[in-house]
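Quick note, in my numbering, the sequence shown goes up one by one and the last residue is 622. A quick write-up on the structure given underneath.
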Amino acid sequence: MGIWTWPIATIGQLAVAFVLGALAARIPVTGYHYQWMSRLANPILGWILGWISFTFLAIVVCAVDYTIASTIFPVLLHYEGTPTIAWLVTGAVLLLQALLVGFSTPWAERVNNTFVSLELIGMVSLTVLLLVVAAVRGEMDFSNLFSKGAIPAEGYWDFGDLTTAGPWMLGFLLGAFTIVGFESAANLAEETNDPERVVPRAMWQAVLASGVLGFLFILAVTLAAGDPIALAESGTPIADVIEKTLGSAVATLLLVMVVLAIFACGLVIMITGVRLTWAMSRDKRFPGWQQWSQISPKFHTPLKATVLYVVLAELILAIFSQSETALFTLFGAATLLPAVMYASTVVLYLIKRKSLPVSDKFNLGAWEIPVLAVAVVWLVFELSLFRDSSFKEAWAYVIVMVVIGACYLGYLLATRGKSGLTMPGMGSIDAELEAEAAKD
183 MGIWTWPIAT
193 IGQLAVAFVL
203 GALAARIPVT
213 GYHYQWMSRL
223 ANPILGWILG
233 WISFTFLAIV
243 VCAVDYTIAS
253 TIFPVLLHYE
263 GTPTIAWLVT
273 GAVLLLQALL
283 VGFSTPWAER
293 VNNTFVSLEL
303 IGMVSLTVLL
313 LVVAAVRGEM
323 DFSNLFSKGA
333 IPAEGYWDFG
343 DLTTAGPWML
353 GFLLGAFTIV
363 GFESAANLAE
373 ETNDPERVVP
383 RAMWQAVLAS
393 GVLGFLFILA
403 VTLAAGDPIA
413 LAESGTPIAD
423 VIEKTLGSAV
433 ATLLLVMVVL
443 AIFACGLVIM
453 ITGVRLTWAM
463 SRDKRFPGWQ
473 QWSQISPKFH
483 TPLKATVLYV
493 VLAELILAIF
503 SQSETALFTL
513 FGAATLLPAV
523 MYASTVVLYL
533 IKRKSLPVSD
543 KFNLGAWEIP
553 VLAVAVVWLV
563 FELSLFRDSS
573 FKEAWAYVIV
583 MVVIGACYLG
593 YLLATRGKSG
603 LTMPGMGSID
613 AELEAEAAKD
């Protein structure tokens, strides 16, 4: 039954994308939440959202890369996965991504563009093959679409209490974790022709494409899964279904494409995290900004910001990876933080929308209030799920990073005063860094 949470999560994220698209059309600047909050409220709140964004980007790259080591490599390379092996493999993947980002922006972009194309081909091929092969063999089990699997029926649908959420409710977080990052289209706002029209369209189309393709893939896996109770015992259930249905040779080829796609996703996250670190350092509002704002004269990249980012990611990985629930913890924190960012931005837009410049290129018109209502209800519901006690480690990470950020913000205000945190510059982050890379 958990499969049916995905379309609802897609609708919720689509409403958020429409709101952020309307905001991007009215404030077309790079830096998304960091810039938007600075201009919707003030530079102090902008800094807070910038720090939360950094906190998110530092852990989500671990969550994404960890899926390679924990859910795909054991099946692909035929070994018994352990937390230690997953830690070492993920650490190596992070290091490889950092080398690409730190030493060559053009190469990082080439690798990303190639792997993203493979991602689309791989996901579509995988979905179609699973459906066709399972149908031809008569292995489709439609009862799986309405099965609770190994989860007891009692309390399955419950919303929960103060410290627990029902199993079906927690299923919404899969869609919430997967369908994020669509606002990154705003990071190209100052380099795109007609950004007031192009950026909002890119946002909602990204959500819709991810939602539809993701649902079709989950549908195919569910139909071909066989016995869901037996499958729940596996540490690599999706990879097992692919291998069982398509055979070893085809499964190996497609799983390699999935690995490359996940690698590309992690690479994009790392590029974004490094650029945010560099941008906040450029604006003199990141701890140690004097170092991280530098551009390497040899490689023409923010090499020091890359080193900082990957060292922090490796540290986060080392802290969480020895736990049997490492993937769940990383997943939890990487879902909670964007929900906080989206909720903050949506609420500020709701409050300030009448005072913002009007855009004739993209606006929600009479649908603005209904879309805002859906976005707010969805985000409140999503955030309410994190009261479940299983997220205590994810909350611990968030709280520690928020405390560190609060201490540094206090230092900034004490040494510079409120007037010292001026409005961040509107210079394009990507344009500046790509101009440096072009010197290579």
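All C-beta atoms, glycine included, are put in the ideal place defined by N, C-alpha and C.
Whole angstroms are fine: how far does the CA of Gly-304 sit from the CA of Val-441? 10 Å
Gly-429 versus Phe-397 - alpha carbon distance: 23 Å
Three-state secondary structure assigned by DSSP to His-215: Note: His-215 maps to helix in three-state DSSP.
Which two residues bound the contiguous alpha helix (DSSP H) that contains Ile-501? 485–502
Tell me the DSSP secondary structure of Gln-476 in three-state form. coil
Apart from the five residues on each side of it in sequence, which residues of its chain come closer than 6 Å, Cβ to Cβ, to Ile-424? Ala-433
Would you please state the rounded distance, in angstroms, between the beta carbons of Leu-512 and Ile-267? I believe it to be under 8 Å. Not confirmed; about 16 Å, so no contact.
CB contact flag (Thr-459, Phe-468, <8 Å): Against a cut-off of 8 Å, the Cβ pair of Phe-468 and Thr-459 comes out as a contact.
Leu-595 to Ala-461 span [Cα, whole Å]: 19 Å
Just how far apart, CA to CA, sit Ser-537 and Thr-192? Distance between the alpha carbons of Ser-537 and Thr-192 is about 29 Å.
Ends of the alpha helix (DSSP H) at Thr-451? It is Ile, not Thr, that sits at residue 451 in the sequence shown. 430–464 is the extent of the alpha helix (DSSP H) around Ile-451.
Taking the alpha-carbon positions, what's the Leu-485 to Arg-292 distance? 18 Å
For Asp-376, is the classification buried or exposed, using 16 other Cβ atoms within 10 angstroms of its Cβ as the cut-off for buried? exposed
Measure the alpha-carbon distance for Val-556 versus Pro-189 and round it to whole angstroms. So the two alpha carbons sit approximately 14 Å from each other.
Around the Cβ of Cys-447, are there at least 16 other Cβ atoms within 10 angstroms (buried) or fewer (exposed)? Burial call: buried.
Can you tell which of Tyr-593, Met-605, Gly-194 and Ser-601 has its C-alpha closest to the C-alpha of Gly-393? Considering only alpha carbons, the answer is Gly-194.
Using beta-carbon positions only, say whether Ala-280 and Val-450 come within less than 8 Å of one another. no
N- and C-terminal bounds of the alpha helix (DSSP H) containing Ser-299: 287–318
Should Thr-427 and Glu-321 be called a contact, given that it needs their Cβ atoms to be closer than 8 Å? yes
When the Cα atoms are used, what is the spatial distance from Gly-357 to Thr-187? 8 Å
Out of Met-219, Leu-202, Ser-475 and Met-439, which one is the CA nearest neighbour of Thr-296? Met-439
Cβ atoms of Ala-508 and Pro-210: under 8 Å apart, would you say? no
Using the rule of at least 16 other Cβ atoms within 10 Å of the residue's Cβ for burial, across every protein chain shown, is Thr-604 buried or exposed? In summary, Thr-604 is exposed, with fewer than 16 beta-carbon neighbours lying within 10 Å of its beta-carbon over all protein chains present.
Measure the beta-carbon distance from Asn-488 to Val-283 and round it to whole angstroms, keeping in mind my assumption that it falls under 8 Å. Residue 488 is actually Thr in this sequence, not Asn. With 8 Å as the limit, Thr-488 and Val-283 qualify as a contact, their Cβ atoms being about 5 Å apart.
By the 10 Å Cβ neighbour count, where 16 or more other Cβ atoms means buried, how is Glu-506 classified, buried or exposed? Label assigned to Glu-506: exposed.
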